[in-house]
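*Asks:* Structure incoming, see below.
In the working numbering, the protein residues as written are 2 to 131.
Here's what the structure looks like:
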(Lines of atoms letter the chains of each structure in order from A; the text may use other names.)
(Lines give C-alpha, C1' and ligand atoms only; values in the text may rest on other atoms or scores of the structure.)
Protein backbone atom coordinates (compact mmCIF):
# COMPACT_ATOMS: atom_id res chain seq x y z
CA UNK A 2 0.00 0.00 0.00
CA UNK A 3 1.51 3.32 -1.04
CA UNK A 4 1.42 6.52 1.04
CA UNK A 5 -1.54 8.00 -0.81
CA UNK A 6 -3.60 4.86 -0.22
CA UNK A 7 -2.64 4.89 3.47
CA UNK A 8 -3.65 8.53 3.80
CA UNK A 9 -7.00 7.87 2.12
CA UNK A 10 -7.61 4.94 4.46
CA UNK A 11 -6.84 7.13 7.49
CA UNK A 12 -9.16 9.86 6.18
CA UNK A 13 -11.96 7.32 5.64
CA UNK A 14 -11.59 6.10 9.21
CA UNK A 15 -12.09 9.65 10.49
CA UNK A 16 -14.99 10.46 8.16
CA UNK A 17 -16.76 7.17 8.79
CA UNK A 18 -16.61 7.45 12.56
CA UNK A 19 -19.98 7.51 14.31
CA UNK A 20 -19.83 11.17 15.42
CA UNK A 21 -18.73 12.37 11.99
CA UNK A 22 -21.56 10.46 10.35
CA UNK A 23 -24.15 11.57 12.90
CA UNK A 24 -23.15 15.24 13.18
CA UNK A 25 -21.73 16.08 9.77
CA UNK A 26 -22.03 13.60 6.93
CA UNK A 27 -25.66 12.52 7.23
CA UNK A 28 -27.19 15.96 7.97
CA UNK A 29 -25.08 17.79 5.39
CA UNK A 30 -25.73 15.20 2.67
CA UNK A 31 -29.48 15.63 3.27
CA UNK A 32 -29.12 19.41 2.97
CA UNK A 33 -27.10 19.09 -0.25
CA UNK A 34 -29.35 16.36 -1.66
CA UNK A 35 -26.39 14.04 -2.28
CA UNK A 36 -25.35 10.63 -1.06
CA UNK A 37 -23.21 10.25 2.02
CA UNK A 38 -20.53 8.70 -0.17
CA UNK A 39 -20.44 11.76 -2.43
CA UNK A 40 -19.99 14.05 0.55
CA UNK A 41 -17.34 11.81 2.10
CA UNK A 42 -15.40 11.83 -1.19
CA UNK A 43 -15.73 15.62 -1.43
CA UNK A 44 -14.39 16.17 2.07
CA UNK A 45 -11.57 13.70 1.46
CA UNK A 46 -10.57 15.66 -1.64
CA UNK A 47 -10.91 19.12 -0.07
CA UNK A 48 -9.50 18.59 3.43
CA UNK A 49 -6.14 17.39 4.67
CA UNK A 50 -5.81 14.98 7.57
CA UNK A 51 -5.32 17.62 10.28
CA UNK A 52 -8.38 19.55 9.04
CA UNK A 53 -10.48 16.40 9.14
CA UNK A 54 -9.39 15.63 12.67
CA UNK A 55 -10.09 19.18 13.87
CA UNK A 56 -13.34 19.70 12.01
CA UNK A 57 -15.70 18.03 14.46
CA UNK A 58 -14.68 20.35 17.30
CA UNK A 59 -14.88 23.29 14.92
CA UNK A 60 -18.42 22.25 14.00
CA UNK A 61 -19.51 22.70 17.62
CA UNK A 62 -18.15 26.24 17.61
CA UNK A 63 -19.82 26.96 14.26
CA UNK A 64 -23.15 25.66 15.56
CA UNK A 65 -22.91 28.00 18.55
CA UNK A 66 -22.12 30.92 16.24
CA UNK A 67 -25.06 30.06 13.97
CA UNK A 68 -27.37 29.89 16.98
CA UNK A 69 -26.23 33.31 18.21
CA UNK A 70 -26.67 34.84 14.74
CA UNK A 71 -30.15 33.34 14.44
CA UNK A 72 -31.11 34.70 17.85
CA UNK A 73 -29.69 38.10 16.93
CA UNK A 74 -32.06 38.19 13.95
CA UNK A 75 -35.09 36.63 15.67
CA UNK A 76 -34.83 38.99 18.64
CA UNK A 77 -34.26 41.88 16.18
CA UNK A 78 -31.36 43.04 18.29
CA UNK A 79 -29.71 45.02 15.45
CA UNK A 80 -32.77 47.30 15.51
CA UNK A 81 -32.56 47.99 19.23
CA UNK A 82 -28.76 48.15 19.44
CA UNK A 83 -27.51 49.55 16.13
CA UNK A 84 -30.43 51.42 14.58
CA UNK A 85 -32.50 52.78 17.48
CA UNK A 86 -29.56 52.75 19.92
CA UNK A 87 -31.86 51.92 22.81
CA UNK A 88 -29.66 49.10 24.10
CA UNK A 89 -25.93 48.73 24.41
CA UNK A 90 -24.09 45.95 22.63
CA UNK A 91 -23.48 44.40 26.05
CA UNK A 92 -27.20 44.40 26.91
CA UNK A 93 -28.07 42.78 23.58
CA UNK A 94 -25.34 40.18 23.99
CA UNK A 95 -26.49 39.42 27.53
CA UNK A 96 -30.04 38.62 26.41
CA UNK A 97 -28.87 36.69 23.35
CA UNK A 98 -26.35 34.61 25.33
CA UNK A 99 -28.88 33.86 28.06
CA UNK A 100 -31.38 32.57 25.49
CA UNK A 101 -28.66 30.54 23.74
CA UNK A 102 -27.63 28.94 27.03
CA UNK A 103 -31.25 27.94 27.70
CA UNK A 104 -31.51 26.34 24.25
CA UNK A 105 -28.23 24.48 24.67
CA UNK A 106 -29.48 23.26 28.06
CA UNK A 107 -32.50 21.68 26.37
CA UNK A 108 -35.22 24.31 26.33
CA UNK A 109 -37.09 24.45 23.03
CA UNK A 110 -35.99 27.20 20.67
CA UNK A 111 -39.46 28.75 20.43
CA UNK A 112 -40.03 28.85 24.18
CA UNK A 113 -36.56 30.26 24.88
CA UNK A 114 -37.05 32.85 22.13
CA UNK A 115 -40.40 33.87 23.58
CA UNK A 116 -38.81 34.23 27.02
CA UNK A 117 -36.03 36.32 25.47
CA UNK A 118 -38.56 38.60 23.77
CA UNK A 119 -40.34 39.12 27.09
CA UNK A 120 -37.05 39.96 28.78
CA UNK A 121 -36.19 42.34 25.94
CA UNK A 122 -39.56 44.07 26.22
CA UNK A 123 -39.17 44.48 29.98
CA UNK A 124 -35.71 45.92 29.47
CA UNK A 125 -37.06 48.39 26.91
CA UNK A 126 -39.91 49.41 29.27
CA UNK A 127 -37.40 50.26 31.98
CA UNK A 128 -35.23 52.54 29.87
CA UNK A 129 -35.11 56.09 31.20
CA UNK A 130 -35.22 58.45 28.24
CA UNK A 131 -34.43 62.05 29.08
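Glycine included, every Cβ here is placed at the ideal spot set by N, Cα and C.
Does residue 12 pass the burial test, meaning 16 or more other C-beta atoms within 10 Å, or should it be called exposed?
*Replies:* Burial check for residue 12: the Cβ neighbour count within 10 Å reaches 16 or more, so the residue is buried.
*Asks:* Taking three-plus beta-carbon pairs below 8 Å as touching, is the segment 103 to 122 in contact with the segment 68 to 77?
*Replies:* The answer is yes - the segment 68 to 77 touches the segment 103 to 122, with three or more Cβ pairs under 8 Å.
*Asks:* With three or more C-beta pairs closer than 8 Å as the rule, is the segment 48 to 58 touching the segment 81 to 91?
*Replies:* In short, these stretches do not touch, since the Cβ pair count stays below three.
*Asks:* Would you please state the rounded distance, in angstroms, between the beta carbons of residue 50 and residue 8? I believe it to be under 8 Å.
*Replies:* 7 Å
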